[in-house]
Amino acid sequence: MPGAPEGFGDILDFVGLLPCLILLSISAITMIGVYLFADPNDPTCRAFT
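Note that the numbering used here numbers the sequence shown so that position 14 is 67, with each residue one more than the last.
What follows is the structure in structure tokens.
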């Protein structure tokens, strides 16, 4: 962009990427927690296959 200060695009890239990485991390940690702490012997849990 003409007249933009030095490093302006870097800040925009970081601001756009950070929320995406946070949401991705939260969802990954949640899924790992579900798989690690789920009780496979619980009769209320059914297999998807």
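For each residue, glycine too, the CB sits at the ideal point set by N, CA and C.
In the three-state reduction of the DSSP assignment, Gly62 falls in the helix class, which pools H, G and I.
Put simply, the backbone Cα of Thr97 is about 17 angstroms away from that of Leu89. Taking the Cα positions, Gly86 is about 14 angstroms away from Pro93.
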